[in-house]
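K.L.:
Let me give you the structure first, and then I'll get to my questions.
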Amino acid sequence: MSRILLVDDSPHAQRMGERILSEEGYEVVTVSNADSALIRLDDVDPDVVLADVVMPGRTGYEICQYLKMSPRHRHVRVILTAGVMETLDEAAAVRVEADGTLRKPFEASALLAAVKPLAEAAAQDRAALVPREPGARERVPAVAAVPFVAVVDEEQVRAAVTVALDASMAVMVEEIAKRVLASLATRKPEPATAPALATTPAPLEAPQAAPPDSPASHATRMEPVRRVSPLRHRSGSILGLDISRPEPESSETDRE
Numbered sequence: 075m076s077r078i079l080l081v082d083d084s085p086h087a088q089r090m091g092e093r094i095l096s097e098e099g100y101e102v103v104t105v106s107n108a109d110s111a112l113i114r115l116d117d118v119d120p121d122v123v124l125a126d127v128v129m130p131g132r133t134g135y136e137i138c139q140y141l142k143m144s145p146r147h148r149h150v151r152v153i154l155t156a157g158v159m160e161t162l163d164e165a166a167a168v169r170v171e172a173d174g175t176l177r178k179p180f181e182a183s184a185l186l187a188a189v190k191p192l193a194e195a196a197a198q199d200r201a202a203l204v205p206r207e208p209g210a211r212e213r214v215p216a217v218a219a220v221p222f223v224a225v226v227d228e229e230q231v232r233a234a235v236t237v238a239l240d241a242s243m244a245v246m247v248e249e250i251a252k253r254v255l256a257s258l259a260t261r262k263p264e265p266a267t268a269p270a271l272a273t274t275p276a277p278l279e280a281p282q283a284a285p286p287d288s289p290a291s292h293a294t295r296m297e298p299v300r301r302v303s304p305l306r307h308r309s310g311s312i313l314g315l316d317i318s319r320p321e322p323e324s325s326e327t328d329r330e
């Protein structure tokens with residue numbers, strides 16, 4: 075199946091274009107700028123390039139111009155894309171020999187109708203390349219150096235680094251995850267930092283005695299009750315025993 079290189083700085087446009095084309099069986103590679111697209115041309119080897127004309131840095135017009143000037147990519151078809159509110163210069167598209175134009179957001183039927191015939195034509199041109207040996211095709215060498223990519227600048231270096239990171243991201247994530255899991259498995263649990271609770275209760279304080287003059291002391295203090303039996307002492311008695319003559323009992327009137 076044909077390979078499609080989608081060049082657009084809009085993540086939404088990348089997702090929509092990739093979903094529509096992938097469902098039809100196309101192999102889709104997306105990049106976000108022209109420099110990344112030019113670096114990946116050889117390893118992707120696309121049949122059709124969808125390039126946005128409104129991007130920071132180089133635009134879709136320049137990508138198309140480079141592809142049409144390069145004998146190595148003479149079979150590649152180019153479709154220039156632009157948003158509904160963006161300007162698409164038809165005269166510039168004709169000047170760079172674009173194979174078609176398309177408006178975004180992508181509509182499935184319009185996108186497939188534009189890509190399908192161009193992908194078939196690119197496949198036919200690819201098959202017409204002179205074979206160098208059985209099972210291999212020979213690319214026609216470039217007849218002249220193209221200054222468009224000959225100058226290595228900061229953007230190209232950044233694009234190359236981005237491509238390399240994209241290619242190795244899955245391996246890096248897997249390796250980092252393994253190391254984190256191994257570290258967690260060998261890590262010893264740390265002792266609890268919460269303060270330990272006291273295991274022995276605090277001694278109970280003995281109740282303090284109230285002061286002698288306080289009301290509580292008067293309320294709680296009990297004195298013994300002494301019963302005193304009066305004894306009559308007479309001159310003729312010893313230790314309370316009467317040794318004299320008994321006295322006549324007094325009458326009730328005398329006691330009263």
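When the letters of the sequence shown are read in order and numbered with our numbering, they come out as residues 75 to 330.
Even for Gly, the Cβ is constructed at its ideal location relative to N, Cα and C.
1. Could you give the distance in angstroms between the alpha-carbon of residue 31 and the alpha-carbon of residue 126?
2. Could you give the distance in angstroms between the alpha-carbon of residue 99 and the alpha-carbon of residue 253?
3. If you draw a straight line from the C-alpha of residue 134 to the C-alpha of residue 152, how long is it?
4. Please classify residue 260: does DSSP put it in a helix, a strand, or coil?
5. If I measure Cβ to Cβ from residue 141 and keep anything under 7 Å in the same chain, skipping five residues before and after, which residues do I get?
6. I'd like the ranges of any beta strand (DSSP E) spanning at least 3 consecutive residues and lying wholly in the stretch 142 to 209.
7. Between the alpha carbons of residue 76 and residue 261, how many angstroms are there, rounded?
8. Rounded to whole angstroms, how far is the Cβ of residue 172 from the Cβ of residue 186, which I believe are closer than 8 Å?
9. Does residue 169 pass the burial test, meaning 16 or more other C-beta atoms within 10 Å, or should it be called exposed?
10. If you reduce the DSSP assignment to three classes, tell me which class residue 117 lands in.
11. For the beta strand (DSSP E) that contains residue 101, what are its first and last residues?
12. Are the CB atoms of residue 109 and residue 132 within a distance shorter than 8 Å?
13. Using the Cβ count rule (16 or more neighbours within 10 Å means buried), how would you classify residue 216?
14. Could you check how far apart the C-beta atoms of residue 178 and residue 158 are, in whole angstroms? I think they sit under 8 Å.
15. Name the DSSP bridge partner or partners of residue 125?
16. Would residue 193 and residue 121 qualify as a contact pair, given that the criterion is a beta-carbon distance under 8 Å?
17. One question on the structure: do residue 180 and residue 90 come within less than 8 Å of each other, judged by their Cβ atoms?
18. Going along the chain, which residues of its own chain have a beta-carbon closer than 7 Å to the beta-carbon of residue 188, five neighbours each way excluded?
19. Cα-Cα, which of 102, 130, 94, 95 is closest to residue 84?
20. Since residue 103 contacts residue 114 with CB under 8 Å, what's their CB separation in whole angstroms?
21. Please report the distance separating the alpha-carbon of residue 257 from that of residue 248.
22. Do you know whose CA, among 160, 111, 251, 161, lies nearest residue 137's CA?
23. Expressed to the nearest angstrom, what Euclidean distance is found between the alpha-carbon atoms of residue 272 and residue 250?
P.N.:
With the given structure in hand:
1. Residue 31 is absent from the structure shown; the chain starts at 75 and stops at 330.
2. Translated into the one-based positions of the sequence shown, residue 99 becomes position 25. Translated into the one-based positions of the sequence shown, residue 253 becomes position 179. Taking the straight line from one Cα to the other gives about 38 Å.
3. As a working note, residue 134 is residue 60 in the sequence shown. As a working note, residue 152 is residue 78 in the sequence shown. Spanning the two alpha carbons is a distance of roughly 9 Å.
4. Here residue 260 refers to the residue found at position 186 when the sequence shown is read from its first residue. In this structure, DSSP gives residue 260 a helical state, which the three-state scheme calls helix.
5. Taking the first residue of the sequence shown as position 1, residue 141 is located at position 67. Listed in chain order, the non-local C-beta contacts of residue 141 below 7 Å within the same chain comprise 123, 147, 150, 152, local neighbours out to five positions each way being set aside.
6. 151 to 157, 174 to 178, 205 to 207
7. As a first step, residue 76 must be located in the sequence shown, where it is residue number 2. As a first step, residue 261 must be located in the sequence shown, where it is residue number 187. Looking at the two C-alpha atoms, the distance is approximately 51 Å.
8. One-based indexing of the sequence shown puts residue 172 at position 98. One-based indexing of the sequence shown puts residue 186 at position 112. With a Cβ gap of about 18 Å, residue 172 and residue 186 do not count as contacting.
9. Position 95 of the sequence shown holds residue 169. Answer is exposed; the Cβ neighbour count stays below 16.
10. Taking the sequence shown and counting its residues from 1, the one referred to as residue 117 is at position 43. Here residue 117 sits in helix by DSSP.
11. What you label residue 101 is simply residue 27 of the sequence shown in a count that begins at 1. Residues 101 to 105.
12. Locating residue 132 in the sequence shown gives position 58, counting from the first residue. Locating residue 109 in the sequence shown gives position 35, counting from the first residue. Annotated as proximal: residue 132 and residue 109, with beta-carbon spacing under 8 Å.
13. Residue numbering aside, residue 216 sits at position 142 when the sequence shown is read from its first letter. Reliability fails at residue 216, whose pLDDT of 40 lies under 50, so the model's placement of it is uncertain and no value is given.
14. Taking the first residue of the sequence shown as position 1, residue 178 is located at position 104. Taking the first residue of the sequence shown as position 1, residue 158 is located at position 84. Going by Cβ atoms, the distance from residue 178 to residue 158 rounds to 7 Å, so yes, they are a contact pair.
15. Residue numbering aside, residue 125 sits at position 51 when the sequence shown is read from its first letter. 81, 154, per the DSSP bridge assignment.
16. On the sequence shown, residue 193 is found 119 positions in, with the first residue counted as 1. On the sequence shown, residue 121 is found 47 positions in, with the first residue counted as 1. Going by C-beta atoms, residue 193 is nearer than 8 Å to residue 121.
17. For the purposes of this step, residue 180 is taken as the residue at position 106 of the sequence shown. For the purposes of this step, residue 90 is taken as the residue at position 16 of the sequence shown. Going by C-beta atoms, residue 180 is nearer than 8 Å to residue 90.
18. The count along the sequence shown starts at 1 and reaches residue 188 at position 114. Same-chain partners within the cutoff: 153, 174, 176.
19. Counted from its first residue, the sequence shown places residue 84 at position 10. That would be 130, whose Cα lies nearest to the Cα of residue 84.
20. If you number the sequence shown from 1, residue 103 lands on position 29. If you number the sequence shown from 1, residue 114 lands on position 40. Yes, residue 103 and residue 114 are in contact; Cβ-Cβ is about 7 Å, under 8 Å.
21. If you number the sequence shown from 1, residue 257 lands on position 183. If you number the sequence shown from 1, residue 248 lands on position 174. One C-alpha to the other measures close to 14 Å.
22. Here the question's residue 137 lines up with position 63 in the sequence shown. Looking at the Cα atoms, 111 is the closest of the given residues.
23. As a position in the sequence shown, residue 272 is number 198, starting the count at 1. As a position in the sequence shown, residue 250 is number 176, starting the count at 1. Because residue 272 sits at a pLDDT of 49, beneath the cut-off of 50, its placement in the model cannot be relied upon, and the following sentence gives the value as read from the coordinates. Across the structure, residue 272 and residue 250 are spaced so that their CA atoms are roughly 45 Å apart.
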